[in-house]
Structure formats: C-alpha cells, structure tokens
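In mature numbering (1 follows the signal peptide of the UniProt record, and there is no 0), the protein residues as written are -18 to -1, 1 to 496.
All C-beta atoms, glycine included, are put in the ideal place defined by N, C-alpha and C.
Okay, so here's the structure we're looking at.
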C-alpha cells in the first residue's frame, strides 16, 4: 500500500507574506513538514505534495447571487459598474413548520428563531437546475492540481480595479498535457471544463484560463451521456469524457469529467468539491478518487483563503496547515445531517447560531438571541458575497450607514475597510466565533465603491450562503469522513502541514501553532 499523502495548493498574491515566527517544539503533535512551500517548486514529500495555484481577480456585475466570477454580463468592459448585481431568485426548501422565519428584526430584543429540522434543497450557481446522464463506466482516477510558476502572481495590487475574486486551480489534462484553470467550488460536485468563450461575458478572460481539446490528446476517451447546468446568468451543456490528469507529480489515468459543448456567460470551468458518489452522481468525484488511489487517507480538504494582504490562499487535500490558526479546530456538524438531506444535492450546510459585530473600541454585540437561534447556511467558495436573513443584513447595514440601491443591494463607504472592527459569526451556540475583519468583510467593487459583505437572501427564502466574505476570516476543514466542517479563526503565522483522516476524527488532535 502506498503511503497516504497530502495534496497541497496555494493561491499566491503579489503581496508579501505575513511574518513567519519561529516554530516551537511540536511535542506530541502530528509530524509536520514545510518542504516545497510557497515560492518553491511542487515537492513530493512523505507527508504531502505541495504546489501553488492562483488567486484571480475578475471584474463584472453579473446577476448571479454568487458574485461575479460565475458569469460576467455580455456588456463586459473596463468601466466600473454603476450598480451592484441584480439578485436572482433562490431555491426555497420545502415548507416546514420548523424552518426559521423571516420576521422583522429589531435590536434589542432579537427575534427567537427555532432550530432547523427540515431538509433543505441544493443551491446551484445560483438558482439552477442540473441534470446528469452518464454511462455506467465510472472514472477511476482524480483530476489534478498543477503547480503555477512561482514568479507568476495574480496580484491583489495590480488587479485592484477589477471587481470579483475567483479562486482557481490549475489542471493538466491529456497526453500531452493541456493546462486548464478552473474555479474551486464547495457548492457543487462535478468537474467540467471548456466554456464557450465566444459567448462568454469576456472572450479574452475566458481564453486566458485555457481549454482542453480531446482531439489533441492521445489518451482521451468519449464516454457520452449528457451534462447540463442552468445558472441565473447562463447555462452549460456538454458530454462526459475520461482522460489522464496530473496532480502535482502524479500521472493519473481515466478521470471522468464533463466537457462543455456550449455555454452562455460563464467563462471558466468548475472543480466541485461537494459530496458526490454514490449519492448525486454515479461515478467517483475528484475527492473520492484521491482516496481510492491512496493519495489521501480520507475525503478531507482544508481551506485558508486568507485575508486581504495576507499573501496567499491555500487548499490542502488530506491535510491541515497548523500554522494558519491557533488552538484546536472546532467541529461544526453538517446540518441537516447528510442522511436527512436530499441525496441528489448533498451540501455543506451548517447552523449559524449567532451574528454580531465588534465595533472599534467597543465590546462585541449580538444581533441574534443568545440561545435558540439557528440559521441553516451553505459554506460556498463559489459565492463572492454572503447571503443571510434580510433583517440581519438591515441591522448590520445600519452600523455602516449603508445605502440600498434599486436592486436591494447594500453599499457602504469604503472608509470602513480601514477600521479595526469585525463582523462576528457564531457556531455551536458560541463555542466557535469567527471574527471577520471589516477589511475582509466589506467588498470593494472598485476604488470608492464598496458593498456590504452580506446581502439579503431572496424574500421568503431560507437558502442562506456564507461566501468568501466569511471564509476569508476562517480556517476551514471540510470533512466528509466525519460529516463536519472544522473551524477556527484564520491567522498566518508560518507554514507546516500535517496529515489528517488516517482515523475518523483525528483532526481534533491537530493544534494550531499561532
């Protein structure tokens, strides 16, 4: 049996790293390694395999509630948008007497909202329908993460005028290999490539991400079957193929993925990291295949997007970077439990149990009840902004003197980004609170134009999303082995990866070094 490894990737910025402090004696902690770190070549190590990928800033004002990187408007240009995105409708879970209400919110007192017990439906980029029809032949190997040259940085500084943020990972597909960059998405579950650039929101931007051409690969095999996804700003359709892909230094054959034949608006493919086989699709996903090929021990990956100015973002398959948080990681159960969710649309839903703020030079204040509050929320890297209850958004917006445009989007003065306050999200009834800095929470469309990091979910909807404006404040471990999302406050105090997933719940033994 091959030793389990950790697949590591990091998104670099053109901003320097935070200071690296001396590492203390690890004591009884799991063995860690920092070889092949940021700026170095991808390195195969007994503990993990590491290589960098990119963090890309993209402009647009598409209708998708998930931000601008899923599809730019057809009139895409370099001029800043006058308004924020028009929000589409969101899917609504089946009616349930235990689904939290959307009554008006006042402070104080906060409204009592019952805990969620009903099953929620899937959110697809953004309010979408998806159908898949695939052959009986499963894929046997996963797609890859390809190292980007260390001197090529997708900088926050030199792309500051562009709107949204997209987190991308580079794949090598085919023989000889073809480089393709795709979005990393915890809110979906399939890999697809090749948007139609001529009908995308930005032809040039689309082409910069690369295309995969089966006709140019000696190892490509057409599986057939239909693939179709409909987005709020466009659609994708195609069929399934299998081919060789590489992850760092691994050459892996027979990966099944969708190749788009036609698409509208969207300008990059997607690597979905949600729950899949044997639930929602009849073939193993990227994460499943990493496990079956003994590349990682369990379907677990950790994510540290990092804050504005922290230097890089990272995803680690099968491991945890203990120098990106302090103390133990706290497990937050997926809720509703996986066994109670619709098996076609299993998602990383968790209950947010408090929302509040800590203003500069003030004590923290809750805008929700101290007990009995539960807001079911999807953690989704594919969403630039976060979408929560409208009454909570209104209260938070008041603290920033927000203005509301004709589409109901909340805009705030960009000066708040430079203030030291935080917006606070609690889990497990306060056992874990993620404090998101104003700088990371307030989203700058372009200089002088900023949006509140949370926007209202559609009227009457209980489909809430914690997007990148939350994730930048947290270090997250998505654990499909134990059906939890491990959390802690994000820090950047050094570098050192340890393997997890060798036994269930062993992530609890990893202590952050910050």
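**Item:** DSSP state of residue 412 mapped onto helix, strand, coil
**Value:** helix
**Range of the contiguous beta strand (DSSP E) that encloses residue 432** = From DSSP, the beta strand (DSSP E) with residue 432 extends over 431 to 433.
**Request:** Tell me the start and end of each unbroken beta strand (DSSP E) in the segment 154 to 195 that is at least 3 residues and wholly inside, in chain order.
**Result:** 160 to 167, 173 to 175
**Request:** Within 10 angstroms of the Cβ of residue 366, are there 16 or more other Cβ atoms? Answer buried if so, exposed if not.
**Result:** buried
**As assigned by DSSP and simplified to three states, the class of residue 360** = strand
**Prompt:** Can at least three beta-carbon pairs, one atom from the segment 268 to 287 and one from the segment 198 to 205, be found at a separation below 8 Å?
**Reply:** Short answer: they don't touch.
**Option in 294, 327, 247 with minimal Cα separation from residue 170** = 327
**Message:** Between residue 479 and residue 298, how many whole angstroms is the CB-CB distance? I'm expecting something under 8 Å.
**Reply:** 6 Å
**Message:** Among the candidates 161, 193, 253, 166, whose CA atom is the shortest distance from the CA of residue 228?
**Reply:** 161
**Item:** Residue range of the unbroken beta strand (DSSP E) whose run includes residue 258
**Value:** No beta strand (DSSP E) contains residue 258, which DSSP labels as neither H nor E.
**Prompt:** How many angstroms separate the CA atom of residue 385 from the CA atom of residue 394?
**Reply:** 6 Å
**Message:** Just to check my reading of the structure: residue 368 and residue 350 have Cβ atoms closer than 8 Å, yes? What is that Cβ distance to the nearest angstrom?
**Reply:** Not really, about 15 Å apart at Cβ, beyond 8 Å.
**Residue from 216, 451, 248 with nearest C-alpha to residue 433** = Considering only alpha carbons, the answer is 451.
**Item:** Alpha-carbon spacing of residue 429 relative to residue 446, whole angstroms
**Value:** Going from the Cα of residue 429 to the Cα of residue 446 covers about 28 Å.
**residue 486 versus residue 465: straight-line alpha-carbon distance, rounded** = 10 Å
**Asked** Based on the DSSP output, what are the partners of residue 481 in its beta bridges?
**Response** 301
**Asked** Which two residues bound the contiguous alpha helix (DSSP H) that contains residue 423?
**Response** 420 to 423
**Request:** Enumerate in chain order the residues of its own chain whose CB-to-CB distance from residue 492 is below 8 Å, with the five nearest sequence positions on each side excluded.
**Result:** For residue 492, where only same-chain residues beyond five positions count, the Cβ hits under 8 Å are 11, 12, 302, 304, 310, 311, 480, 482.
**Prompt:** Are the Cβ atoms of residue 267 and residue 149 separated by less than 8 Å?
**Reply:** Their beta carbons are not under 8 Å apart, which means residue 267 does not touch residue 149 by this criterion.
**Prompt:** In whole angstroms, what is the alpha-carbon distance linking residue 497 and residue 422?
**Reply:** A question about residue 497 goes unanswered here, because the residues of the chain that appear run from -18 up to 496.
**Asked** For the alpha helix (DSSP H) that residue 498 lies in, which residues bound it at each end?
**Response** Outside the shown range of the chain (-18 to 496) lies residue 498, about which nothing can therefore be said.
**beta strand (DSSP E) segment containing residue 340, residue limits** = 331 to 340
**Message:** With the cut-off set at 8 Å, would you say residue 246 and residue 217 are in Cβ contact?
**Reply:** yes
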